[in-house]
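Undergrad:
Numbering (this note's numbering), first residue to last: 143 to 837.
1) Express the C-alpha separation of residue 341 and residue 154 in angstroms, rounding to a whole number.
2) Buried or exposed for residue 622, please, with buried defined as at least 16 other CB atoms from any protein chain shown within 10 angstroms of its CB.
3) What span of residues does the alpha helix (DSSP H) with residue 105 cover, start to end?
4) Under the three-state reduction of DSSP, which class applies to residue 815: helix, strand or coil?
5) Where do the ends of the alpha helix (DSSP H) carrying residue 487 lie?
6) Would you mind stating whether residue 736 and residue 723 have Cβ atoms separated by less than 8 Å?
7) Could you have a look at residue 826 and say whether DSSP puts it in helix, strand or coil?
8) Look at the alpha carbon of residue 786 and the alpha carbon of residue 738, and state the distance between them as a whole number of angstroms.
9) Would you call the region 486 to 503 and the region 530 to 542 touching, i.e. three or more CB-CB distances under 8 Å?
10) So what does DSSP say about residue 681, is it helix, strand or coil?
11) How big is the Cα-Cα spacing for residue 710 and residue 834?
12) If you follow the alpha helix (DSSP H) that residue 622 is in, where does it begin and where does it stop?
13) Note down, in chain order, each residue of its chain lying with its Cβ closer than 7 Å to the Cβ of residue 838, except the 5 sequence neighbours on either side.
14) Using DSSP's beta-bridge definition, name the partner residues of residue 262.
15) Excluding five sequence neighbours on each side, which residues of the same chain lie with their C-beta closer than 8 Å to the C-beta of residue 603?
16) With which residues is residue 353 paired in a DSSP beta bridge?
17) Applying the criterion that 16 or more other CB atoms from any shown protein chain within 10 Å of the CB defines a buried residue, is residue 163 buried or exposed?
18) Give me the Cβ distance between residue 366 and residue 330, rounded to the nearest whole Å; I'm assuming they're in contact under 8 Å.
19) Report the rounded CA-to-CA distance for residue 672 versus residue 826, giving the unit in angstroms.
20) Whole angstroms is fine: what's the gap from residue 216's alpha carbon to residue 613's?
21) Which same chain residues, not among the five before or five after residue 306, have their C-beta less than 6 Å away from its C-beta?
22) May I ask you to list the residues that DSSP assigns as paired with residue 520?
23) Closest to residue 181 by C-alpha separation, out of 218, 254, 196, 236, would be which residue?
24) Can you tell which of 345, 316, 389 has its C-alpha closest to the C-alpha of residue 334?
25) On a CA-only basis, which of 380, 449, 706, 557 is nearest residue 483? Give me that one, please.
26) What residues are listed by DSSP as bridge partners for residue 609?
27) Closer than 7 Å by C-beta to residue 558: which residues in its own chain qualify, once you throw out the five before and the five after it? Chain order, please.
28) With DSSP as the reference, please indicate the residues paired to residue 779 in a beta bridge.
29) By DSSP, does residue 180 sit in helix, in strand, or in coil?
30) Report the rounded CA-to-CA distance for residue 515 versus residue 499, giving the unit in angstroms.
31) Span of the alpha helix (DSSP H) holding residue 215?
32) In terms of residues, what are the limits of the beta strand (DSSP E) holding residue 571?
33) Which term fits residue 435, buried or exposed, when burial requires 16 or more other beta carbons within 10 angstroms of its beta carbon?
34) Note down, in chain order, each residue of its chain lying with its Cβ closer than 6 Å to the Cβ of residue 823, except the 5 sequence neighbours on either side.
35) Since residue 596 is in the alpha helix (DSSP H), which residue starts that stretch and which ends it?
36) For residue 638, tell me which candidate among 815, 389, 189 has the shortest Cα-Cα distance.
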């Protein structure tokens, strides 16, 4: 690998030995910068061309509005960000048609002749940039990576892949990974590793589960897979849709810039709560009740509760028509009811079909007399008052809130639905101590939302999307997993998580179990254990917790040469806030973000201490991110998952553990908190550190 020095800002990298066949560094960079300037000119031309199109030429107002929307999206995808470059790499290939050069970037740029100036990183030819190796060169002679500073090229590294050169360490890659950050997550298109690229480019029909240790880039990989799928299967996914589900609003705000930076603006985002927004949450379950409501057995209880409302035909159906009264025996009606129930359609759809089936029975009797009243007669009979009343009594209308209200307030209704599924003690746990008078007065909990969603699907089929990306999947209950899975019942899933970071009492210990609840027992499981984000000192410190909280799970490996920095500060209890302020102030001397992660109960006091000390900061919560880019963010431990900061100050690890309902969950929460740092971690404590951390 040939490494060339910076010509602009940034740190210098080693100068190579002289090679007379290689042009001077400045000449190479000058030519590449000229190509970048040309690419920017062509992108501007492409955008101006789209902006100049006239939507009034559409056939009608509807088509004009649709065309206007399409063009607005296209213009948005052609925006240039002057802070970065349109390409980050280049490959020189040898083909049957001779040598070709491709510059790899975030989006496709072509010239006036339609020839590529920049090739989209998702294009098939770009695969070789990420995966070519001396063992499998994939036709690549030269691979070049570029260093960037404020939108200009400042350095480059060359690998002559066909000569057997392999980059054991890339200074440019390391600098990009460790580059100070602020605000939302960045894309990783310039640093995607071969094992990550294989996940990104997996076929649309494949559902993938990624077990990813902290810092392995699993979230970014999942988002880039969504972008690649939209590029490769545009027509199909434009119709069916793509959804990203994250753990909370702050997390979605953090990742929200990744897909737009890749030119994708049509992806939906949701938390599990907004996805299951069937009612307002007004109460909180005890932990054991919440675990029970999230148990997969509840699906069978709910299914029974819905279908047991269908009555049995005890009396004949009598339908007056003209001067005659047509009588259909109860056993014939019951045969139709049983047939509808066996068809596998949803409850409400079957209920809508029942009047037509009953009318058909009447028509058979009319036609048996030799009378053929015409095609419209059956519809008229189905709409008649006697048939509608008979069908309503036999197959009553239901709604999710009404069914769940009945189960949680009526011991007999719950016993009938849960017989042989839940024990008597479990049934007593589910029942309200003081049932509300009506379903409208019910104080629903978060766990109830997944039950309401299950009932909604039993009544009316939930629409399916083309692809769903689910992050932090290990934290969802079986019933929540079922809710996500049904939204991809005819599509596919990318499931991301880490068993060791399961921080709910119902967190899964098995991906095969979780994927079964998602409706994907057949899936591809991939493990990412090479940490690119978390430095070695930090990940090794956090990994001390693994034997106590996730026995048998392998420790992640940091592959960064920079080990990072770890400071453990024992403070006097009276000076805890002051020690945190000192740690934060010491972190402000360097560029990049600072995250102060503390037990939820400490956040107000720490915010006040930072304010008194003149340290401006933002505060995150589960419902809102921080709309402003601030260097310092104060983060409750309960929502730290998925976030990252250059430097992190963790406050009182023992209190982080104690705030959770059990020791295992507490240690897992602490593991999450300790692995949010990209460069440095400072731990401030007045209480003794958890024993697992000092072992």
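Note that beta-carbon positions come from the ideal geometry of N, C-alpha and C, so glycine has one too.
These numbers come from a predicted model, not from an experiment.
TA: Based on what the coordinates show:
1) Position 12 of the chain shown holds residue 154. Position 199 of the chain shown holds residue 341. At residue 154, the pLDDT of 33 sits below 50, so the modelled position is not reliable and the matter cannot be decided from this model.
2) As a working mapping, residue 622 is identified with position 480 in the chain shown. It is buried - the Cβ of residue 622 has at least 16 other Cβ atoms within 10 Å.
3) The requested residue 105 is not part of the displayed model; the chain covers only 143 to 837.
4) Within the chain shown, numbered from 1, the residue matching residue 815 stands at position 673. Three-state DSSP puts residue 815 in a helix.
5) Start at 1 with the first residue of the chain shown, and residue 487 comes out as number 345. Premise fails: residue 487 is in no alpha helix (DSSP H) and is neither H nor E.
6) Residue 736 sits at position 594 when you count from the first residue of the chain shown. Residue 723 sits at position 581 when you count from the first residue of the chain shown. No, Cβ-Cβ distance for residue 736 and residue 723 is not below 8 Å.
7) Here residue 826 refers to the residue found at position 684 of the chain shown. Residue 826: strand per DSSP, three-state reduction.
8) Working through the chain shown from its first residue, we reach residue 786 at position 644. Working through the chain shown from its first residue, we reach residue 738 at position 596. Taking the straight line from one Cα to the other gives about 11 Å.
9) yes
10) Indexing the chain shown from 1 puts residue 681 at position 539. Of the three classes helix, strand and coil, the one that applies to residue 681 here is helix, per DSSP.
11) If you number the chain shown from 1, residue 710 lands on position 568. If you number the chain shown from 1, residue 834 lands on position 692. Their Cα atoms are separated by approximately 15 Å.
12) Here residue 622 corresponds to residue number 480 of the chain shown, with the count starting at 1. It spans 620 to 628 - the alpha helix (DSSP H) in which residue 622 sits, taken as one unbroken run.
13) The requested residue 838 does not occur in the structure, where the chain is confined to residues 143 to 837.
14) As a first step, residue 262 is located in the chain shown; it is residue number 120 there, counting from the start. Per DSSP, 247.
15) Locating residue 603 in the chain shown gives position 461, where the first residue counts as 1. The answer, listed in chain order, is 488, 491.
16) By one-based count along the chain shown, residue 353 stands at place 211. Answer is 639, 669, bridged to residue 353.
17) Taking the first residue of the chain shown as position 1, residue 163 is located at position 21. Low per-residue confidence applies at residue 163: pLDDT is 49, beneath 50, and the placement is therefore not dependable, though the value from the model is reported in the following sentence. By the 10 Å Cβ count, residue 163 comes out exposed.
18) Sequence index remark: in the chain shown, residue 366 carries index 224 (1-based). Sequence index remark: in the chain shown, residue 330 carries index 188 (1-based). Here residue 366 really is in contact with residue 330; their C-beta atoms are around 7 Å apart, less than 8 Å.
19) Residue mapping note: residue 672 aligns to position 530 of the chain shown, counting from 1. Residue mapping note: residue 826 aligns to position 684 of the chain shown, counting from 1. The straight-line gap from Cα to Cα measures roughly 28 Å.
20) As a position in the chain shown, residue 216 is number 74, starting the count at 1. As a position in the chain shown, residue 613 is number 471, starting the count at 1. Going by the C-alpha atoms only, they are around 28 Å apart.
21) As a working note, residue 306 is residue 164 in the chain shown. Taken in chain order, the residues that qualify are 276.
22) The residue given as residue 520 occupies position 378 in the chain shown. Within the DSSP secondary-structure output, residue 520 pairs in no beta bridge.
23) As a working note, residue 181 is residue 39 in the chain shown. The shortest C-alpha to C-alpha distance from residue 181 to any of 218, 254, 196, 236 is the one to 254.
24) Working through the chain shown from its first residue, we reach residue 334 at position 192. Ranking 345, 316, 389 by Cα distance to residue 334 puts 316 first.
25) Translated into positions along the chain shown, residue 483 becomes position 341. With distances taken between Cα atoms, residue 483 lies closest to 449.
26) Here residue 609 is taken as the residue at index 467 of the chain shown, counted from 1. Its beta-bridge partners are 384, 634.
27) Here residue 558 corresponds to residue number 416 of the chain shown, with the count starting at 1. The residues are 450.
28) Taking the chain shown and counting its residues from 1, one reaches residue 779 at position 637. Looking at the DSSP assignment, residue 779 forms no beta bridge with any residue, so it has no partner.
29) The residue you call residue 180 lines up with position 38 of the chain shown. If DSSP states are grouped into helix, strand and coil, residue 180 belongs with the helices.
30) The sequence position of residue 515 within the chain shown is 373, counting from 1. The sequence position of residue 499 within the chain shown is 357, counting from 1. If you take the alpha carbons of residue 515 and residue 499, they lie about 17 Å apart.
31) Position 73 of the chain shown holds residue 215. 203 to 219 is the extent of the alpha helix (DSSP H) around residue 215.
32) Stepping through the chain shown from its first residue, residue 571 is reached at position 429. First-last for residue 571: 566 to 572, but that is the alpha helix (DSSP H), not the beta strand (DSSP E).
33) Your numbering for residue 435 matches position 293 in the chain shown. Buried, since its Cβ has 16 or more Cβ neighbours within 10 Å.
34) Translated into positions along the chain shown, residue 823 becomes position 681. 680, 708, 790, listed in sequence order.
35) Residue numbering aside, residue 596 sits at position 454 when the chain shown is read from its first letter. It spans 588 to 601 - the alpha helix (DSSP H) in which residue 596 sits, taken as one unbroken run.
36) Within the chain shown, residue 638 is the residue found at index 496, counting from 1. Considering only alpha carbons, the answer is 389.
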